[in-house]
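Chemist:
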Amino acid sequence: MTPTARRLPPIAALLALLAGCQSPGTPTEREALRGTGDLGVVVERATGSLLLVDTSERSVIARLEGLGDLSHASVKFSRDARHAFVFGRDGGLTRVDLLTGEISERVMQAGNSIGGAISQDGRRVAVANYAPGGVRVFDSETLDPVADIPATYRAEDGTRQRAKVVGLVDAPGNRFVYSLFEAGEIHLLDMSGETPTLTRFTAIGAQPYDALIDPTGRYYLAGLFGEDGLALLDLWHPERGVQRVLPDYGRGEARLPVYKMPHLEGWALANGSAWLPAVGRHEVLLADADDWTLVDRVPVHGQPVFVMSRPDERQVWVNFAHPDNDLVQVIDTESREVIRTLSPGEAVLHMEFTPRGEHVWISARDSDRVRVYDTRTLEVLAELSSESPSGIFFTDRAHRIGL
């Protein structure tokens, strides 16, 4: 009997000895134990389904169905990276358990939604709604309602109206930041206390259509559809109000046709610059990350939609709007030149890097597939069948601000 066993009661000692005679676990038992760090999901927009994927094995684990309208769906992850929160366009909010591959909670919380965010402490889930315009906040464990914040504003005729909410992100201090499309406002919602506190920033520019928050959580940047320029809120100093930056960013005097507005959360910060998709132009713009002045332009294949940085910031990957959406281009951030043009499939919608950036997954909606590339050799490593895939989301987003 071992020294440890002699100190235990007889029954416990026997159990300890029996356990010591067993192997570390049968193959079935070992396979049943799984972390979530190499998991992710792929949205299948046409069928209202979700693929649960393993990013290390580059394989599909399961398909989950019954998630409603996923035509513009986004996904956030719980603090422990076990649960995915799926925000459907039809107002559905779904909580998916990544370990069991099952829907654990689902509520229909609005008529038309456009994404959401999770608070810094992981306790609250906020949803941005077009109809009715506003933000609704839920308990992340139960999806019970916590707060309902209407996005009201006074229209030119003096009536009180509701605006569509766009660009909802999480910020440090259990705060949420979002924009009101028709109102031209940015709102800061503080959920750190017992009751919500709302701060309004008015007259920030015409028709903010989307927004991002930088990786530090300091700067909230809203793009404007109704005029050129961007609206910047410094969350370290909200008392200074909203500033206008990059005044020429937009369609410019030529008012070029825009086939798809860029997704601001897909902008890249790399090698000391912000890499921005030009609106309506075949260019990627570079701005100084300190003062937001324009410093360079990189010609590309089409109108950029997502401009995403590899985690080590050495490369920026770009996809494009229709009709040039069958290609992806890779830019070297040091030379600021396109080094490769790839053909992942028809209607490329989204790209997602593995946490350390060795691979990138690319969805091609009209080719019904997801391709995985080695970001060093740019070779195809795997191809996964998927029904009209769009957004790809990996669990490392759980630990990053704004994602």
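Quick note, the numbering used here runs 626 ahead of the 1-based positions in the sequence shown.
Using N, Cα and C, we set each Cβ at its ideal position, and we do this for glycine too.
This structure is a prediction, so every number in the text was calculated from the model and none was measured.
1. Which ranges does the beta strand (DSSP E) cover as unbroken runs of at least 3 residues, wholly within the stretch 826–900, from first to last along the chain?
2. In terms of residues, what are the limits of the beta strand (DSSP E) holding residue 764?
3. If you draw a straight line from the alpha carbon of residue 852 to that of residue 832, how long is it in whole angstroms?
4. Quick check on DSSP: helix, strand or coil for residue 980?
5. Since residue 937 and residue 906 are thought to touch, with beta carbons under 8 Å apart, how far apart are those beta carbons, to the nearest angstrom?
6. What number of angstroms, rounded off, separates the C-alpha of residue 1009 from the C-alpha of residue 969?
7. Rounded to a whole number of angstroms, what is the C-alpha to C-alpha distance between residue 810 and residue 854?
8. Going by DSSP in three states, residue 916 sits in which element: helix, strand or coil?
9. Pull up the distance between the alpha-carbon of residue 647 and that of residue 952, whole angstroms please.
10. Can you name, in chain order, every residue of its own chain whose Cβ lies under 7 Å from the Cβ of residue 769, other than the five neighbours on each side?
11. Taking DSSP's pairing of strands, which residues face residue 1030 in a bridge?
12. Alpha carbon to alpha carbon, how far is residue 1017 from residue 944? Give it in angstroms, no decimals.
13. Do the stretch 774–792 and the stretch 742–751 make contact, defined as three or more Cβ pairs closer than 8 Å?
14. Beta strand (DSSP E) containing residue 967: first to last residue?
15. Roughly how many whole angstroms lie between the Cα atoms of residue 764 and residue 999?
16. Which first and last residues belong to the beta strand (DSSP E) in which residue 805 is found?
17. Can you tell which of 705, 703, 667, 708 has the C-alpha that lies nearest to the C-alpha of residue 689?
18. Can you name, in chain order, every residue of its own chain whose Cβ lies under 7 Å from the Cβ of residue 650, other than the five neighbours on each side?
19. Output yes or no for whether 9 Å exceeds the beta carbon distance between residue 788 and residue 777.
20. To which residues does DSSP link residue 754 through a beta bridge?
21. Please work out which residues of its chain come closer than 8 Å, Cβ to Cβ, to residue 727, disregarding the five sequence neighbours upstream and downstream, and give them in chain order.
22. Can you list, in chain order, the residues of its chain with a C-beta nearer than 8 Å to that of residue 682? Leave out the 5 residues immediately preceding and following it.
23. Here's the rule: buried if 16 or more other CB atoms are within 10 angstroms of the residue's CB, otherwise exposed. What is residue 1015?
24. Rounded to the nearest angstrom, what separates residue 965 and residue 942 at their Cα positions?
Modeler: So, from the data block:
1. Entirely contained in the stretch 826–900, the beta strand (DSSP E) runs reaching 3 residues are, in chain order, 834–839, 845–850, 856–860, 868–871, 894–896.
2. 760–765
3. 5 Å
4. coil
5. Taking the Cβ atoms as the reference, residue 937 lies roughly 29 Å from residue 906, outside the contact range of under 8 Å.
6. 13 Å
7. One alpha carbon belongs to residue 810, the other to residue 854, and they sit about 13 Å apart.
8. If DSSP states are grouped into helix, strand and coil, residue 916 belongs with coil.
9. Confidence in residue 647 is poor, its pLDDT being 41 and thus under 50, which makes the residue's placement too unreliable to answer from.
10. 719, 721, 731, 733
11. There is simply no residue 1030 to check, as the chain begins at 627 and stops at 1029 in what is shown.
12. 15 Å
13. At 8 Å Cβ cutoff, the stretches do not touch.
14. Unbroken beta strand (DSSP E) run through residue 967: 963–968.
15. Looking at the backbone, the Cα of residue 764 and that of residue 999 are separated by about 37 Å.
16. 801–806
17. 667
18. Its pLDDT being 43, under 50, residue 650 is placed unreliably in this model, and the coordinates cannot settle the point.
19. yes
20. 761
21. 678, 687, 688, 690
22. 664
23. buried
24. 10 Å
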